[in-house]
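S.K.: Have a look at this one.
2 protein chains.
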Amino acid sequence: MPHFLNTSADGFEAAFAALLSMKREDAPDVDAAVANIIADVRARGDQAVIELTAKFDRLNLTTETLAFSEAEIEAECAKVGAEDRVALEMAAERIRAYHERQMPSDARWTDAFGAELGWRWGPVSAAGLYVPGGLASYPSSVLMNAIPAKVAGVERLVIACPTPGGAVNPLVLLAARLSGVDTVYRIGGAQAIAAMAYGTATIRPVDKITGPGNAYVAAAKRRVFGRVGIDMIAGPSEILVIADRDNDPDWIALDLLSQAEHDESAQSILVTDDADFGQAVAAAVDKRLETLERRAIAGASWRDYGAVIVVRDLAEAADLSNRVAPEHLELCVADPEALSALTIHAGAIFLGHWTPEAIGDYVGGPNHVLPTARSARFSSGLSVMDFLKRTTLARMTPAALAAIGPAAERLAVSESLEAHGLSVRARLDRLNEGGA
Amino acid sequence: MPHFLNTSADGFEAAFAALLSMKREDAPDVDAAVANIIADVRARGDQAVIELTAKFDRLNLTTETLAFSEAEIEAECAKVGAEDRVALEMAAERIRAYHERQMPSDARWTDAFGAELGWRWGPVSAAGLYVPGGLASYPSSVLMNAIPAKVAGVERLVIACPTPGGAVNPLVLLAARLSGVDTVYRIGGAQAIAAMAYGTATIRPVDKITGPGNAYVAAAKRRVFGRVGIDMIAGPSEILVIADRDNDPDWIALDLLSQAEHDESAQSILVTDDADFGQAVAAAVDKRLETLERRAIAGASWRDYGAVIVVRDLAEAADLSNRVAPEHLELCVADPEALSALTIHAGAIFLGHWTPEAIGDYVGGPNHVLPTARSARFSSGLSVMDFLKRTTLARMTPAALAAIGPAAERLAVSESLEAHGLSVRARLDRLNEGGA
Chain A
131 MPHFLNTSAD
141 GFEAAFAALL
151 SMKREDAPDV
161 DAAVANIIAD
171 VRARGDQAVI
181 ELTAKFDRLN
191 LTTETLAFSE
201 AEIEAECAKV
211 GAEDRVALEM
221 AAERIRAYHE
231 RQMPSDARWT
241 DAFGAELGWR
251 WGPVSAAGLY
261 VPGGLASYPS
271 SVLMNAIPAK
281 VAGVERLVIA
291 CPTPGGAVNP
301 LVLLAARLSG
311 VDTVYRIGGA
321 QAIAAMAYGT
331 ATIRPVDKIT
341 GPGNAYVAAA
351 KRRVFGRVGI
361 DMIAGPSEIL
371 VIADRDNDPD
381 WIALDLLSQA
391 EHDESAQSIL
401 VTDDADFGQA
411 VAAAVDKRLE
421 TLERRAIAGA
431 SWRDYGAVIV
441 VRDLAEAADL
451 SNRVAPEHLE
461 LCVADPEALS
471 ALTIHAGAIF
481 LGHWTPEAIG
491 DYVGGPNHVL
501 PTARSARFSS
511 GLSVMDFLKR
521 TTLARMTPAA
531 LAAIGPAAER
541 LAVSESLEAH
551 GLSVRARLDR
561 LNEGGA
Chain B
131 MPHFLNTSAD
141 GFEAAFAALL
151 SMKREDAPDV
161 DAAVANIIAD
171 VRARGDQAVI
181 ELTAKFDRLN
191 LTTETLAFSE
201 AEIEAECAKV
211 GAEDRVALEM
221 AAERIRAYHE
231 RQMPSDARWT
241 DAFGAELGWR
251 WGPVSAAGLY
261 VPGGLASYPS
271 SVLMNAIPAK
281 VAGVERLVIA
291 CPTPGGAVNP
301 LVLLAARLSG
311 VDTVYRIGGA
321 QAIAAMAYGT
331 ATIRPVDKIT
341 GPGNAYVAAA
351 KRRVFGRVGI
361 DMIAGPSEIL
371 VIADRDNDPD
381 WIALDLLSQA
391 EHDESAQSIL
401 VTDDADFGQA
411 VAAAVDKRLE
421 TLERRAIAGA
431 SWRDYGAVIV
441 VRDLAEAADL
451 SNRVAPEHLE
461 LCVADPEALS
471 ALTIHAGAIF
481 LGHWTPEAIG
491 DYVGGPNHVL
501 PTARSARFSS
511 GLSVMDFLKR
521 TTLARMTPAA
531 LAAIGPAAER
541 LAVSESLEAH
551 GLSVRARLDR
561 LNEGGA
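Chains A and B are the protein sequences, given in the same order.
Numbering-wise (the numbering used here), the first sequence opens with residue 131 and increments by one.
Numbering-wise (the numbering used here), the second sequence opens with residue 131 and increments by one.
Written as structure tokens, this is what we have:
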């Protein structure tokens, strides 16, 4: 049974607050183990990576086989059936087209004093993508991480993907190839993050590391942050669906389940202005849970964290959604645009009856790496911006310095930073001597 | 004596690598103390903040005096002299004009299948700025943090600034007023970060915390990250100056010293293609160090971390600069634009002889909060983007879903995510029945 809440009922605020503050993730504390692994890789390089891979992935590598060869990739890609290949190509093409529009512009202008100001964007030189092995080895995540990097102009793009016992998902390698990835290493865990951050004799270091992973990978990313850039640390997936009565309860049930099936810690919330419809959706979820392949996972998620919230009207639904700040927000109402204008905190919004969230996971075009755990209040999904950095530019003329330099000197003096002031003053004195 | 290096000399690579990997910051490990402070503030709210402020800042507050009153701010601002006020107003105006140009655009388009795609930007609802107390209580930093937040559209903007023994810098309060800050709390340290992140009965929580601080503040920001957004953790300041012989050695010396005087851990590097000029600058630095107010700090920084590197030509200078990825880069050469095109990693570039870095600290317009410790390889200075987040938008029509839905279903099946596939399939089936 999911949580049933009603904004008109006594005790709603307390129940909603409890829902909001529910701790869904109890990550094991692996920080000490990760610190040791990173230190080992920094000290012993390839040898440490090879030994740790033998230990954790039951795979014996050499410096020659740390990365897949071109021939190996070719052979794996050839195993992918035509239908899967076409689907993956469509996804890649649509993700690329969407992200190409995100490229920001450089700027340069001259102000009233003649000072030239501006900025320019440039890509990070090298990026590393972590791709989990085993069941959660998703080709779609390869596309979602690698394509924005290539669109941004990243020159060298590598993947670290563990292959426990040597098993690899051919679709992951095909996705890597379609995205323009240069090298795929068969390594994983904290040792892979350490190798990409610090480099080894065989693995060149990168400047930015993105991609999901288990508790070890997350802890390692936190530890190497500063040495390299990292993307967000993703938590369990979430969806909030706002739906009025004019929906097929089964469609909404499937949308809720498509988050719940990811993880027992995932959270699916339905907000509706019709109590009967809410009950109908809950019944439809139960019915689907009878047969769903991943019913153990989805059922646990729905039971522990699922919720049906009945509201007075859609404006109240938007208010609640803003307090949740969901990763995914579906607006299954007659006027989704109007409701969208009221929902100010969400990672991604899916508008109308014909936009199930799963479209966004694969082929919609927008990125599926999105802020979880209420962080949509202050952060955004993955984009080309994550692989770019901005350099600001300033160029004074003698006249511009004469106009604004005295104010800089004054503020430097007020902050007791004498050399700051003198560096301006020396130039102003030259100008006063007519020496420009 | 700073480090003298020459790219033509034997052992240059080793010496340069040593310079690059020099550990300049030895932050004390205050994490356990900070964890306790945060837990205390979460548990006891205002009372904990008041007790910790009495203990660390020797200041007795009540819930009524946690924040400055309007009358108190008014009275402090009245103490600021006309010249300082005018300088601060010019700085605020120029910073605002620069950052207004950074506002990104929303986008919405319809693709060939009729799918509507896009994104929109929105501000974080509330931001908190940390402003150190005492000597490093810089009004310019208030402007550099607060103005981008207001330009982004942040509704509620608060400052936490400790006032040890009750002492406050009137310029800080004037800068807060000029920037549109709503509330200034007289609290600091980890307790201020905790109060802004989690809220107390008196202090409402914010969504994003920015601003510099000591080791306690930095550790607290790391700990509350996730609950709120944070900006970068800034390290000691750095400058790299590329200068040819056609410069006044004293100007370049002052530019180097304007970083060195910040902190004994600051780093100033001159790269020149003329060995004699390099010696002349080093001599000019020594001469200025005889009289500079902060000569103890600047002298230690220059002695321990300063460097003069002689290169064969300016292209080699750009290569070295890219390996350093300096926070500040000054290009004092005949054609700074051409050299700028070669320098791909830098937080901010100052072009030509008339643009001392100090201009950028105060009145240039670009932000002075910039990536340190080589992180300009993958990150940018503070900007309006730090106070905005992006929501992606997707809206399928029945025809668009018919066109791209089957690929999504296929990929869902390949990833063993059945409910994902079914949420698409249920809608496609309706279409096939003619039910759109």
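Ideal Cβ placement from N, Cα and C applies to all residues, glycine included.
These numbers come from a predicted model, not from an experiment.
#1: Whole angstroms are fine: how far does the CA of Gly-341(B) sit from the CA of Glu-246(A)?
#2: Should Gly-647(B) be flagged as near chain A, meaning a C-beta pair shorter than 8 Å?
#3: If Val-272(A) sits next to Ala-538(B), beta carbons under 8 Å apart, how far is it from one beta carbon to the other, in whole angstroms?
#4: Starting from Ile-289(A), follow the beta strand (DSSP E) in both directions and report where the run begins and ends.
#5: Please work out which residues of its chain come closer than 8 Å, Cβ to Cβ, to Ala-568(B), disregarding the five sequence neighbours upstream and downstream, and give them in chain order.
#6: From the DSSP output, in three-state form, read off Trp-249(A) for me.
#7: Which residues in chain A sit within 7 Å of Ile-474(B), going by Cβ to Cβ distance?
#8: Given a threshold of 16 other Cβ atoms within 10 Å of its Cβ, counted over all protein chains shown, does Glu-155(A) qualify as buried or as exposed?
#9: When DSSP labels each residue in this structure, what does Asn-275(B) get in the three-state scheme?
#10: Could you tell me which residues DSSP puts in a beta bridge with His-458(A)?
#11: At the level of alpha carbons, what is the spacing between Glu-181(A) and Asp-170(B)?
#12: When burial is assigned at 16 or more other CB atoms within 10 Å of the CB, is Leu-265(A) buried or exposed?
#13: Relative to the alpha-carbon of Asp-443(B), which residue among Thr-137(B), Lys-417(B), Ser-546(B) has its alpha-carbon at the smallest distance?
#14: Answer yes or no: does any C-beta atom of chain B fall closer than 8 Å to that of Phe-480(A)?
#15: Among Ala-147(A), Ala-455(A), Leu-461(A), which has the Cα closest to the Cα of Arg-375(A)?
#16: Find the nearest neighbour of Ala-320(A) within the set Val-298(A), Gly-343(A), Gly-296(A), judged by alpha-carbon distance.
#17: When you compare only the Cα positions, how much space is there between His-229(B) and Ser-513(B)?
#18: So Asp-176(B) packs on Thr-193(B), CB below 8 Å; how close in whole Å?
#19: Taking the C-alpha atoms as reference points, what is the distance between Phe-243(A) and Phe-517(B)?
#20: So Pro-466(B) packs on Leu-450(B), CB below 8 Å; how close in whole Å?
#21: Taking only three categories from DSSP, how would you classify Phe-74(A)?
#22: Along the chain, which unbroken stretches of the alpha helix (DSSP H) at least 4 residues long are found entirely within the stretch 180–245 of chain B?
#23: Following the continuous beta strand (DSSP E) through Arg-341(B), name the residue where it begins and the one where it ends.
#24: Run through chain D and tell me which residues come within less than 8 Å of Met-220(B), C-beta to C-beta.
#25: Could you compute how far the alpha carbon of Ile-167(A) sits from the alpha carbon of Ala-324(A)?
#26: Measure how close the beta-carbons of Ser-367(A) and Glu-545(B) come, nearest whole angstrom, since I'm counting them as under 8 Å.
#27: So if DSSP puts Lys-519(B) in a beta bridge, which residue, or which two residues, is it bridged to?
#28: Check the C-beta distance from Ile-372(A) over to Leu-469(A) and give it rounded, since I have them as a contact under 8 Å.
#29: Closer than 8 Å between beta carbons: that is the criterion. Which residues of the stretch 358–369 of chain B meet it against chain A?
#30: Per DSSP, Gln-321(A) forms a beta bridge with which residues?
#31: Keeping to the same chain, check which residues put their C-beta closer than 7 Å to that of Asp-312(B); ignore five residues upstream and five downstream.
#32: Could I get the ranges of all uninterrupted alpha helix (DSSP H) runs contained in the stretch 134–172 of chain B, with 4 residues as the minimum, in chain order?
#33: DSSP puts Tyr-315(A) in a beta bridge; with which residues?
#34: Residues of chain B with CB under 7 Å from Ile-317(A), in chain order?
#35: Taking Phe-508(A) as the reference, which of Arg-357(A), His-475(A), Met-515(A) has the closest Cα?
#36: What do you reckon, are the CB atoms on Val-160(A) and Ala-331(A) nearer than 8 Å?
M.R.: Looking at the atomic coordinates:
#1: Taking C-alpha positions only, Glu-246(A) is separated from Gly-341(B) by approximately 27 Å.
#2: This structure leaves residue 647(B) out entirely; chain B is present only between 131 and 566.
#3: That pair is no contact at about 16 Å.
#4: Where Ile-289(A) is concerned, the enclosing beta strand (DSSP E) starts and stops at 286–290.
#5: Residue 568(B) is absent from the model: chain B starts at 131 and stops at 566.
#6: strand
#7: Gly-252
#8: exposed
#9: helix
#10: Ile-369(A), Ala-478(A)
#11: Approximately 44 Å between the Cα atoms of the pair.
#12: Answer is exposed; the Cβ neighbour count stays below 16.
#13: For the residues Thr-137(B), Lys-417(B), Ser-546(B), the minimum Cα distance to Asp-443(B) belongs to Thr-137(B).
#14: Yes - at least one Cβ of chain B is within 8 Å of the one on Phe-480(A).
#15: Leu-461(A)
#16: Gly-343(A)
#17: 7 Å
#18: 5 Å
#19: 29 Å
#20: Pro-466(B) to Leu-450(B), Cβ: 17 Å. No contact.
#21: What is shown of chain A runs 131 to 566, which leaves residue 74(A) out entirely.
#22: 200–208, 212–230
#23: Correcting the residue type first, residue 341(B) is Gly in the shown sequence and not Arg. No residue range can be given for Gly-341(B), since it is assigned to no beta strand (DSSP E) and is classified by DSSP as neither H nor E.
#24: Annotation note: the requested chain D is absent from the structure, which comprises protein chains A and B.
#25: 8 Å
#26: About 13 Å; that fails the 8 Å criterion.
#27: Gly-252(B)
#28: Your pair Ile-372(A) and Leu-469(A) checks out as a contact, with CB atoms roughly 7 Å apart and the cut at 8 Å.
#29: Val-358, Gly-359, Ile-363
#30: DSSP lists no partner for Gln-321(A).
#31: If we look at Asp-312(B) and ignore the five residues flanking it on each side, its Cβ neighbours are Arg-286, Leu-287, Val-288.
#32: 142–151
#33: Beta-bridge pairing links Tyr-315(A) to Ala-197(A), Ala-290(A).
#34: Simply none; closest approach about 22 Å.
#35: His-475(A)
#36: no
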